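Enquirer: So that we are looking at the same thing, I have put the structure below in structure tokens.
Residue numbers (our numbering): 2 to 324.
Structure (structure tokens):
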């Protein structure tokens, strides 16, 4: 018999905080629950197919992580845009726009929104590459020349450390913004809901509030693992020429993502001292990217979970394991 309070069963659900709400994904369905300005909770449930459909690529270790990362990026952007629609500053202008949209072709509107989402994803990727790939590489090359460093491994290590420092500085800097603070609180509510279910507790506000806001499968942990894995891979692939080095870094991004996904997946499904060590840096970073939520935020998170996940059936299976 497994001691219930220490037993964790992977639920398979994952999520993301959006503007005044939560997105929860379970297999090919995802929901978005948003606390609207009038305090009502709006829930939207949609089907989602991977960018590669039902391809066998989604079952191949180290390859599936690449496409899961792309899928998460696409869903994340679309759900953020959806939640933002509820908080347009000029509501009267929005109403007028909606009236004109009703007259216009709805198909054109959907295409325009799809194009906007694609452009947003592309812009986000470009900014991320510039900030976390190009900038550390450039700074490490400058330090190499200034300090006359001859050993490539040292330069690659410096580059990796700079990348981590820039990432941490970015996370900490945006946490000072009031809107981001609330998003981090919703992020905490998302984790608490998943931890509540995966530790065999009934999904209600009281149980969620006392659950942990830290989770090993968090996207923040994934990004941190990406940073660490990239250090080791870039050290063992020596490239001296700056432009070629940058090209190699870009080509290696899918490889790094694939390896990082498998590590995160393993950490989320196993309990051991090794897993605790591997998860520790990501959990530590979650102290910044998650905050303790308010009860009304937890209510939103619960609605998002219940829209795509039968937690009562899950608890039946959970209780069979702990008997």
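C-beta atoms are modelled at their ideal positions from N, C-alpha and C, and glycine is treated no differently. A quick note: this is a predicted structure, and the numbers were derived from the prediction, not measured.
(1) Using the Cα positions of residue 102 and residue 26, report the straight-line distance between them to the nearest angstrom.
(2) What residues are listed by DSSP as bridge partners for residue 43?
(3) Quick check on the DSSP output: the beta strand (DSSP E) that includes residue 18 runs from which residue to which?
(4) From the DSSP output, which residues share a beta bridge with residue 298?
(5) Could you check whether the segment 45 to 64 touches the segment 237 to 245, counting it as contact only if at least three pairs of C-beta atoms, one from each stretch, sit closer than 8 Å?
(6) Which residues in the same chain as residue 138 place their Cβ atom closer than 8 Å to its Cβ, once the five residues preceding and following it in sequence are excluded?
(7) Per the contact definition of three or more C-beta pairs closer than 8 Å, is the segment 197 to 215 in contact with the segment 31 to 43?
(8) Just to confirm, is the Cβ distance from residue 291 to residue 172 under 8 Å?
(9) Quick check on residue 65: does DSSP put it in helix, strand or coil?
(10) Would you kindly work out how many angstroms separate the C-alpha atoms of residue 252 and residue 314, rounded to a whole number?
(11) Between which two residues does the beta strand (DSSP E) harbouring residue 24 extend?
(12) Here's the rule I'm using: 16 or more other beta-carbon atoms within 10 Å means buried, otherwise exposed. How should residue 322 be labelled?
(13) How many angstroms separate the CA atom of residue 330 from the CA atom of residue 148?
(14) Using the three-state DSSP reduction, which class does residue 311 fall into: helix, strand or coil?
(15) Taking 8 Å as the cut-off, does the segment 175 to 195 touch the segment 212 to 227 (at least 3 CB pairs, one atom from each stretch)?
(16) I need the boundaries of the alpha helix (DSSP H) containing residue 178, first residue and last residue.
(17) Of all the alpha helix (DSSP H) runs that stay within the bounds of the segment 136 to 198, which reach a length of 4 or more residues?
Expert: To lay it out plainly:
(1) Position 101 of the chain shown, counted from the start, is the residue given in the question as residue 102. Position 25 of the chain shown, counted from the start, is the residue given in the question as residue 26. For residue 102, the predicted model reports a pLDDT of 48, less than 50, meaning its position is unreliable; a value from the coordinates is still stated below. Residue 26 has its alpha-carbon roughly 30 Å from the corresponding atom of residue 102.
(2) Translated into the one-based positions of the chain shown, residue 43 becomes position 42. Within the DSSP secondary-structure output, residue 43 pairs in a beta bridge with 35.
(3) The sequence position of residue 18 within the chain shown is 17, counting from 1. From DSSP, the beta strand (DSSP E) with residue 18 extends over 15 to 19.
(4) Here residue 298 is taken as the residue at index 297 of the chain shown, counted from 1. DSSP lists no partner for residue 298.
(5) The segment 45 to 64 vs the segment 237 to 245: no contact.
(6) Locating residue 138 in the chain shown gives position 137, counting from the first residue. These residues qualify, in order along the chain: 160, 243, 246, 247 and 250.
(7) By the criterion of at least three beta-carbon pairs nearer than 8 Å, the segment 31 to 43 is not in contact with the segment 197 to 215.
(8) If you number the chain shown from 1, residue 291 lands on position 290. If you number the chain shown from 1, residue 172 lands on position 171. No. Outside cutoff.
(9) Taking the first residue of the chain shown as position 1, residue 65 is located at position 64. Correct three-state label for residue 65: helix.
(10) Position 251 of the chain shown holds residue 252. Position 313 of the chain shown holds residue 314. Whole-angstrom Cα-Cα distance: 43 Å.
(11) The count along the chain shown starts at 1 and reaches residue 24 at position 23. It spans 22 to 27 - the beta strand (DSSP E) in which residue 24 sits, taken as one unbroken run.
(12) Along the chain shown, read from residue 1 onward, the residue named residue 322 stands at position 321. Counting Cβ neighbours within 10 Å, residue 322 comes out exposed, since fewer than 16 surround it.
(13) Residue coverage of the chain in this structure runs from 2 to 324, which leaves residue 330 outside it and unanswerable.
(14) Looking up residue 311 in the chain shown gives position 310. Residue 311: coil per DSSP, three-state reduction.
(15) The segment 212 to 227 vs the segment 175 to 195: in contact.
(16) For this step, residue 178 is matched to residue 177 along the chain shown. From DSSP, residue 178 is part of no alpha helix (DSSP H); its letter is neither H nor E.
(17) List check, alpha helix (DSSP H) in window: 136 to 148 and 153 to 175.
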